[in-house]
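What follows is a set of notes on a single structure, which appears directly below.
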Amino acid sequence: MILDKIVVISVAIILIICLCYRYIKRYAPENVIIVALDSLLLAIYITFAITNTSIHLYAQIGIFIFCFLIPEIAIMLQYNNIVLKRKILYFAMKKSYKNKEYEKTIAMIEKLVLEEGRKAEYLYILGNCYKELKDFINARDSFALAIDLDRKDYKSYYELGLILDETNKKETAMIMFRNALKIKPDYYEAAEALGICLTSQGRFEDAVKAYKEAVKIHENSCELYYNIGMLEMEIGHYDEAEKDFEKAGQINPNLYTAFYNLGELNYIKGNYDKAIEEYKKILKSSTYGPKAYYKLAVVYASKKEFELAMSTLEYVIEIDLKYLKMAQNEFVFKPMIDKIEEYIKNKEELEQMKKEKKNYMKDRLRIFKRKSQENISNVTQDKVAE
Numbered sequence: 008m009i010l011d012k013i014v015v016i017s018v019a020i021i022l023i024i025c026l027c028y029r030y031i032k033r034y035a036p037e038n039v040i041i042v043a044l045d046s047l048l049l050a051i052y053i054t055f056a057i058t059n060t061s062i063h064l065y066a067q068i069g070i071f072i073f074c075f076l077i078p079e080i081a082i083m084l085q086y087n088n089i090v091l092k093r094k095i096l097y098f099a100m101k102k103s104y105k106n107k108e109y110e111k112t113i114a115m116i117e118k119l120v121l122e123e124g125r126k127a128e129y130l131y132i133l134g135n136c137y138k139e140l141k142d143f144i145n146a147r148d149s150f151a152l153a154i155d156l157d158r159k160d161y162k163s164y165y166e167l168g169l170i171l172d173e174t175n176k177k178e179t180a181m182i183m184f185r186n187a188l189k190i191k192p193d194y195y196e197a198a199e200a201l202g203i204c205l206t207s208q209g210r211f212e213d214a215v216k217a218y219k220e221a222v223k224i225h226e227n228s229c230e231l232y233y234n235i236g237m238l239e240m241e242i243g244h245y246d247e248a249e250k251d252f253e254k255a256g257q258i259n260p261n262l263y264t265a266f267y268n269l270g271e272l273n274y275i276k277g278n279y280d281k282a283i284e285e286y287k288k289i290l291k292s293s294t295y296g297p298k299a300y301y302k303l304a305v306v307y308a309s310k311k312e313f314e315l316a317m318s319t320l321e322y323v324i325e326i327d328l329k330y331l332k333m334a335q336n337e338f339v340f341k342p343m344i345d346k347i348e349e350y351i352k353n354k355e356e357l358e359q360m361k362k363e364k365k366n367y368m369k370d371r372l373r374i375f376k377r378k379s380q381e382n383i384s385n386v387t388q389d390k391v392a393e
């Protein structure tokens with residue numbers, strides 16, 4: 008029992024000494040209150056210990072909190088240079104940023120900078136706030152300052168690159184994207200942005216090289232393979248483009264545009280059966296399904312399978328009438344123009360019959376209403392006569 012009391016008193020005294028040292032070494036005015044309260048309760052505890060008096064449970068809890076818990080928390084915060092007020096402000100700033108309260112976030116960052124000085128993290132968030140508010144000049148300056156403070160801040164390089172790209176400073180933007188990739192080679196957004204920037208300048212071969220470097224790391228990115236395929240098509244490397252679209256389709260079976268482009272490539276190369284196979288993969292798509300049906304009709308016509316071509320064409324015209332005009336101007340449908348004209352004629356006759364039937368039903372309804380009104384009128388007159 009005596010040993011326990013000695014340990015408790017020793018620990019409390021050590022905590023008081025640490026708080027006093029911190030107060031002298033680096034001004035901490037709150038320590039005056041903590042030390043005074045701690046000393047008072049310690050004196051009470053020593054008195055009870057000497058007189059061997061039993062301490063009530065609530066008094067024990069109070070002594071534990073004010074002699075040990077609060078001093079330990081204060082020492083931990085102070086010796087780790089953690090200012091509670093700043094931490095609260097920091098978390099409030101992060102919450103405001105998450106809630107998209109950008110002007111409020113900017114005001115909080117300004118307070119934090121005044122108290123702590125500039126930090127790359129604060130300036131990165133500040134830049135994003137300005138960007139969301141469409142203040143691109145302040146956003147650019149904020150990201151540039153963040154980079155000055157931390158040369159390994161790859162996110163700020165990327166964001167600065169986006170702003171420079173937006174303001175048509177593409178060469179400098181590409182330098183920023185490449186700097187971001189040097190620091191973090193697997194930074195997907197920077198790799199994609201670099202490829203897009205090169206593509207926008209018409210530098211397709213350089214863009215292909217940039218994307219191919221990216222897919223070495225991001226092997227399962229269907230978007231990167233798709234972008235390479237589109238660029239290879241633009242350059243005229245159809246065999247390479249076909250491989251890229253196939254890879255994109257393997258990674259994402261719902262990437263209908265990849266299968267559509269595969270159909271186009273095989274049709275251009277004269278591989279009609281392969282083109283049909285690819286177009287059939289996207290028939291269930293609400294967006295690309297009708298286009299695929301129309302392209303199937305074109306392929307069937309190219310194969311001289313005019314019956315299949317016409318039935319497919321009829322189906323897609325029922326979905327959207329724009330394909331009828333397209334078919335009338337499509338050279339491959341010239342040998343079956345009579346079938347198309349016959350279909351148009353039959354369709355017009357059917358529409359006319361529907362219209363006549365509708366008018367007939369309207370007339371019948373009008374006559375029925377007139378007879379009903381006459382019957383009501385006759386009944387009314389009979390009642391009046393009675």
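When we follow our numbering, the leftmost residue of the sequence shown carries the number 8, and every step to the right adds one.
Each residue gets a CB set at the ideal place from its N, CA and C atoms; glycine is no exception.
Residue i - DSSP class collapsed to helix/strand/coil
{"i": "Ser-318", "result": "helix"}
{"i": "Gly-256", "result": "helix"}
{"i": "Thr-112", "result": "helix"}
{"i": "His-291", "result": "At residue 291 the sequence reads Lys, which differs from the His that was named. In the structure shown, Lys-291 sits in coil (DSSP, three-state: anything other than H, G, I, E or B)."}
{"i": "Asn-186", "result": "helix"}
{"i": "Gly-277", "result": "coil"}
{"i": "Asp-389", "result": "Only weak support is given to the placement of Asp-389: the predicted model assigns it a pLDDT of 48, under 50, and the value that follows is read from those uncertain coordinates. Here Asp-389 sits in helix by DSSP."}
{"i": "Leu-140", "result": "coil"}
{"i": "Ile-89", "result": "Note that Ile-89 has pLDDT 49, beneath the 50 cutoff, so the model's placement of it is unreliable and the number below is only indicative. It is coil, neither helix nor strand."}
{"i": "Lys-332", "result": "helix"}
{"i": "Ala-19", "result": "helix"}
{"i": "Lys-298", "result": "helix"}
{"i": "Gln-359", "result": "helix"}
{"i": "Asn-175", "result": "coil"}
{"i": "Asn-106", "result": "coil"}
{"i": "Pro-342", "result": "helix"}
{"i": "Asn-227", "result": "coil"}
{"i": "Thr-54", "result": "helix"}
{"i": "Lys-162", "result": "helix"}
{"i": "Gly-134", "result": "helix"}
{"i": "Gly-202", "result": "helix"}
{"i": "Gly-209", "result": "coil"}
{"i": "Glu-239", "result": "helix"}
{"i": "Gly-124", "result": "coil"}
{"i": "Glu-337", "result": "coil"}
{"i": "Leu-47", "result": "helix"}
{"i": "Tyr-194", "result": "coil"}
Expected contact under 8 Å - CB spacing of residue i and residue j to nearest Å
{"i": "Tyr-164", "j": "Ala-200", "result": "Actually they are not in contact, since the Cβ atoms of Tyr-164 and Ala-200 sit about 11 Å apart, beyond 8 Å."}
{"i": "Val-305", "j": "Glu-337", "result": "7 Å"}
{"i": "Leu-400", "j": "Ala-299", "result": "For residue 400 there is no data in the structure shown, the boundaries of the chain being 8 and 393."}
{"i": "Tyr-279", "j": "Ser-318", "result": "The Cβ separation is near 17 Å, so there is no contact."}
{"i": "Tyr-232", "j": "Lys-216", "result": "With 8 Å as the limit, Tyr-232 and Lys-216 do not qualify as a contact, their Cβ atoms being about 15 Å apart."}
{"i": "Glu-285", "j": "Gly-270", "result": "4 Å"}
{"i": "Asp-193", "j": "Ile-224", "result": "5 Å"}
{"i": "Leu-121", "j": "Ser-149", "result": "About 16 Å; that fails the 8 Å criterion."}
{"i": "Met-183", "j": "Leu-167", "result": "5 Å"}
Selected residue, minimal CA-CA separation from residue i, among the options
{"i": "Ala-197", "options": "Val-215, Thr-174, Lys-177, Leu-169", "result": "Leu-169"}
{"i": "Ile-351", "options": "Tyr-279, Ile-21, Asn-175, Glu-321", "result": "Glu-321"}
{"i": "Glu-139", "options": "Ser-17, Leu-119, Ile-113", "result": "Ile-113"}
{"i": "Tyr-109", "options": "Cys-136, Thr-319, Glu-122, Lys-118", "result": "Cys-136"}
{"i": "Phe-313", "options": "Leu-231, Lys-346, Ser-207, Tyr-286", "result": "Lys-346"}
{"i": "Val-323", "options": "Lys-302, Lys-341, Val-339, Ala-308", "result": "Lys-302"}
{"i": "Glu-128", "options": "Tyr-161, Gly-270, Leu-269, Phe-143", "result": "Tyr-161"}
{"i": "Gly-243", "options": "Ile-275, Lys-102, Ala-255, Leu-156", "result": "Ile-275"}
{"i": "Gly-69", "options": "Thr-58, Asp-45, Ile-57, Met-333", "result": "Asp-45"}
{"i": "Ala-214", "options": "Ile-203, Leu-272, Ala-180, Lys-223", "result": "Ile-203"}
{"i": "Arg-185", "options": "Lys-159, Asn-175, Thr-174, Ser-207", "result": "Lys-159"}
{"i": "Lys-141", "options": "Asp-157, Glu-117, Thr-174", "result": "Thr-174"}
{"i": "Tyr-330", "options": "Pro-342, Asp-246, Lys-191, Pro-297", "result": "Pro-297"}
{"i": "Asn-273", "options": "Leu-171, Asp-246, Arg-125", "result": "Asp-246"}
{"i": "Gly-134", "options": "Gln-257, Ala-146, Lys-126", "result": "Ala-146"}
{"i": "Leu-156", "options": "Thr-58, Pro-192, Lys-126, Asp-148", "result": "Lys-126"}
{"i": "Asn-227", "options": "Lys-311, Thr-179, Met-240, Gln-257", "result": "Gln-257"}
{"i": "Ser-292", "options": "Pro-260, Pro-342, Ala-43", "result": "Pro-260"}
{"i": "Ile-326", "options": "Thr-294, Phe-340, Glu-348", "result": "Thr-294"}
{"i": "Ala-221", "options": "Pro-342, Glu-241, Lys-177, Lys-189", "result": "Lys-189"}
{"i": "Glu-117", "options": "Ile-13, Arg-93, Lys-107", "result": "Arg-93"}
{"i": "Tyr-195", "options": "Gln-359, Thr-206, Cys-229", "result": "Cys-229"}
{"i": "Leu-119", "options": "Met-100, Asn-106, Met-343", "result": "Met-100"}
Cβ of residue i within 8 Å of any chain C Cβ
{"i": "Ile-324", "result": "Structure shown: chain C not included; a single protein chain is present."}
- Item | the segment 234–244 touching the segment 260–280, judged by at least three CB pairs closer than 8 Å | Cβ pair count under 8 Å is three or more, so yes.
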